[in-house]
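These notes concern the structure reproduced below.
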Amino acid sequence: MEQNNDEGNLAQVQRVVLVLSGKGGVGKSTLTTELALALRHTGKKVGILDVDLCGPSIPRMLCVGRPEVHQCDAGWVPVYTDPEKSLSLMSIGFLLEDPDEAVIWRGPKKNALIGQFVSDVAWGELDVLLVDTPPGTSDEHLAVLENLKKHRVDGAVLVTTPQAVSTGDVRREITFCKKTGVKILGIIENMSGFVCPHCSECSNIFSKGGGEELAKLTESVFLGSVPLDPQLGTSLEEGKDFMQSFPSSATFSAISRISQTLLNSMEAA
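Numbering of the sequence shown is given in my numbering, commencing with residue 15 and proceeding in unit increments.
Structure, rendered in structure tokens:
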């Protein structure tokens with residue numbers, strides 16, 4: 015594909031999808047990682063752009079640690095998680111001097127870093143680029159969107175949990191998308207029930223159906239619900255290979271259905 019100068023490093027990226035949440039703690043980064051792995055399982059080349067300054071956790075999930083980031087003529091070279099180079103990652107955590115330190119910067123400095131970060135990663139050819147954004151609708155959030163929209167944004171996936179407090183936060187996110195002209199590709203309800211590691215029964219420890227109801231009220235697509243899965247939680251806590259654990263997890267079938275629905279809705283757009 016010929017390089018389009020207007021789109022720069024995103025010229026060979028087929029789809030750019032933001033992953034948004036109205037609040038922290040709803041599993042947005044975990045869901046971004048799971049979506050990327052599910053898309054990769056369908057044969058897609060996938061990239062993750064981790065722009066969450068407050069908690070860049072995806073490198074840990076994908077067991078890449080804190081590699082030295084190299085540069086080429088086009089910009090920063092993403093980190094590949096597999097020998098086939100089918101899943102690539104660039105995290106803002108790679109660029110911080112000490113990722114364990116709190117980022118105590120004023121808005122303009124954060125926004126300048128985000129602007130450079132969004133534009134300067136040499137992705138090459140990708141089917142889908144997932145962008146893990148900071149929670150809420152902060153300055154950083156706007157900086158991500160403004161810099162990506164100079165190139166292209168195909169839409170956003172919104173992550174909520176079943177409780178009313180979380181779906182209320184996502185309503186504000188929906189308003190944000192409408193005001194900024196970002197297409198809502200769908201809503202995912204995360205932590206929708208708990209899968210027992212012994213009998214595989216799913217119990218609704220929180221309320222259920224908040225994401226689906228919210229999708230109906232806002233005339234958005236409900237992409238599906240994803241249970242809390244202790245197998246994946248354990249693999250993260252114990253430093254096991256999340257990518258190896260994922261296909262055999264209870265979450266896998268739910269995320270696979272969601273990723274296929276997402277691909278179909280993007281292709282139909």
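Cβ atoms here follow ideal geometry from the backbone N, Cα and C, with glycine treated the same way.
Given residue i as reference, the closest of the options once Cα atoms are compared
i, options, result
"Val158", "Ile128, Glu187, Leu172", "Ile128"
"Val196", "Asp183, Met205, Val171", "Val171"
"Ala229", "Val31, Gly182, Gln85", "Gly182"
"Leu32", "Leu49, Ala25, Gly39, Gly22", "Leu49"
"Gly41", "Ile202, Cys77, Ala282", "Ile202"
"Val240", "Glu233, Met205, Asp255", "Met205"
"Met75", "Val167, Ser249, Ala52, Glu227", "Ser249"
"Gly38", "Phe260, Thr175, Val132", "Thr175"
"Gly138", "Thr189, Tyr94, Glu226, Ala25", "Ala25"
"Glu251", "Pro92, Lys124, Cys77", "Cys77"
"Thr275", "Phe260, Val235, Phe256", "Val235"
"Ala126", "Leu143, Leu144, Ile106, Val142", "Ile106"
"Ser35", "Pro148, Lys123, Pro97", "Pro148"
"Met257", "Phe190, Gln177, Leu101", "Leu101"
Own chain residues within Cβ distance below 8 angstroms of residue i, not counting five before or after
i, result
"Ser263", "Asp243, Gln245, Leu246"
"Cys86", "Ala136"
"Asp146", "Val33, Lys42, Ser43, Thr46, Ile62, Leu63, Asp64, Val65, Asp66, Ile72"
"Asp168", "Arg29, Val30, Val31, Lys197, Leu199, Met280, Ala283"
Residues near residue i in its chain [Cβ-Cβ closer than 7 angstroms; skip 5 each side]
i, result
"Thr194", "Leu159"
"Trp90", "Val83, Met104, Asp134, Val135, Ala136"
"Gly22", "Ser133, His165"
"Ala88", "Asn23, Ala136"
Same chain, Cβ closer than 6 angstroms to residue i, five either side skipped, listed in chain order
i, result
"Leu140", "Val27, Lys59, Gly61"
"Val132", "Asn161, Leu162"
Residue range of the beta strand (DSSP E) that includes residue i
i, result
"Phe256", "Looking at the DSSP string, Phe256 is not in any beta strand (DSSP E); the run it does join, the alpha helix (DSSP H), is 256 to 259."
"Met104", "101 to 105"
Where the alpha helix (DSSP H) containing residue i begins and where it ends
i, result
"Glu48", "42 to 55"
"Leu277", "264 to 282"
"Glu226", "224 to 231"
"Gln245", "244 to 251"
Where residue i falls, given that 16 or more other Cβ within 10 Å makes a residue buried
i, result
"Leu237", "buried"
"Leu95", "Rather than Leu, the amino acid found at residue 95 in this sequence is Thr. By the 10 Å Cβ count, Thr95 comes out buried."
Are the segment 45 to 62 and the segment 263 to 281 touching, with three or more C-beta to C-beta distances below 8 angstroms? They touch, by the three-pair rule.
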